[in-house]
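Residue numbers (the numbering used here): 14 to 304.
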Ligand SMILES: O=c1ccn([C@@H]2O[C@H](COP(=O)(O)O)[C@@H](O)[C@H]2O)c(=O)[nH]1
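Okay, here's the thing in structure tokens:
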């Protein structure tokens, strides 16, 4: 899916919600657990219910890989079930030496029909580049993650490099954003930014004004949809003033993910109806930020 197509979908749906399919057999409703194809049946019901309220689905591959071949099959069936109107993300956090990354890219973009893969940037340019070589496909590189461990490396300050003048020593995550942004374009590269890091949103937008951000961390992790929307939405040609977003059409530049808050909204037979209700609430709030 191209950036233009994604932006169109966001404006059409008045939503930048990404529903996370972190499907865990032990957490799905009891009446489905004994079904021979439980994971796919659950996902199918969630997708059918939430389609009008979101523009994207994120499959965290860990939940499927943990189940072996059966899980891998459920993932493949799920991604094939999601219509092409919706942006399909493999949250796999891959990245390895170049020739290995090439195989990861083939797995998600050729063997399976994902639009994007999350990529860990730690191994550098050759580990990311293979994901950028497909027309209409995206690498979503970890920038500033939502977890506590972001403090261990991402929010550590680097000793200043000669030649690069910054007001203070850069955080490691800032260096990642500045460097990785040069390897691709806002048409094939996004960054993961946790909704739990609100004090960094304005700074992140000043470093990467145009790139889409995939924002996990609302819902179960407590991040604020309002904060990320007001501080990090791409406002198009009009500049934002004091971090507020002018109304009118823009590129938006945000995909906000909620997984557990949506898919486990109810643990009973009404799970799909309840998931729909939560997705609709997010969409309703997003409409207000889109103006
Ligand atoms: O920084 C990150 C990067 C990825 N994730 C993933 O997003 C979802 C969040 O799930 P919730 O249930 O909405 O908390 C999950 O797949 C994580 O692995 C993240 O949370 N933070």
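Even glycine gets a Cβ: it sits at the ideal position worked out from N, Cα and C.
Note that the structure is predicted; figures quoted are calculated from it, not measured.
| Query | Result |
| --- | --- |
| Could you say which of 270, 143 and 58 lies nearest to residue 117 if we only look at CA atoms? | 143 |
| Rounding to the nearest angstrom, what Cα-Cα distance links residue 157 and residue 297 in this structure? | 27 angstroms |
| Leaving aside the five residues before and after residue 26 along the sequence, list all residues of the same chain whose C-beta is less than 6 angstroms from its C-beta, in chain order. | 68 |
| Quick check on residue 289: buried or exposed, where buried means 16 or more other Cβ atoms within 10 Å of its Cβ? | buried |
| Provide the residue span of the beta strand (DSSP E) that contains residue 245, from first to last. | Counting along the chain, residue 245 falls outside any beta strand (DSSP E), though it belongs to the alpha helix (DSSP H) covering 238-245. |
| List the DSSP bridge partners of residue 107. | 132 |
| Is residue 25 near ligand 1, in the sense that its beta carbon is under 6 angstroms from a heavy atom of that ligand? | no |
| Could you name the residues of the same chain whose beta carbon sits closer than 7 angstroms to that of residue 191, not counting the 5 residues immediately before and after it, in chain order? | 220 |
| Give the straight-line distance between the Cα atoms of residue 153 and residue 121, rounded to the nearest whole angstrom. | 13 angstroms |
| How about the stretch 71-80 and the stretch 277-286: do they share at least three Cβ pairs that are nearer than 8 angstroms? | no |
| Could you tell me whether the Cβ atoms of residue 29 and residue 269 are closer together than 7 angstroms? | yes |
| How about residue 233: is its Cβ closer than 6 angstroms to a heavy atom in ligand 1? | yes |
| Please tell me whether, using a cut-off of 6 angstroms, the distance from the CB of residue 273 to the nearest non-hydrogen atom of ligand 1 is below it. | yes |
| Beta carbon of residue 35: closer than 6 angstroms to some heavy atom of ligand 1? | yes |
| Taking its Cβ as the centre, do 16 or more other Cβ atoms sit within 10 Å of residue 229, making it buried, or is it exposed? | buried |
| By a C-beta neighbour count over all protein chains shown, 10 Å radius and 16 as the cutoff for buried, is residue 75 buried or exposed? | exposed |
| Report the rounded CA-to-CA distance for residue 21 versus residue 93, giving the unit in angstroms. | 22 angstroms |
| Just the Cα atoms here: how many angstroms apart are residue 208 and residue 235? | 8 angstroms |
| Considering only C-alpha positions, which residue in the set 23, 214, 244 and 164 is nearest to residue 100? | 23 |
| Going straight from the alpha carbon of residue 56 to that of residue 216, what length do you get? | 36 angstroms |
| Taking C-alpha atoms, which residue in 114, 196, 223 and 134 lies nearest to residue 186? | 134 |
| For residue 45, I'd like the list of residues in its chain whose CB is within less than 8 angstroms of its CB, leaving aside the five on either flank, ordered along the chain. | 51, 54 and 55 |
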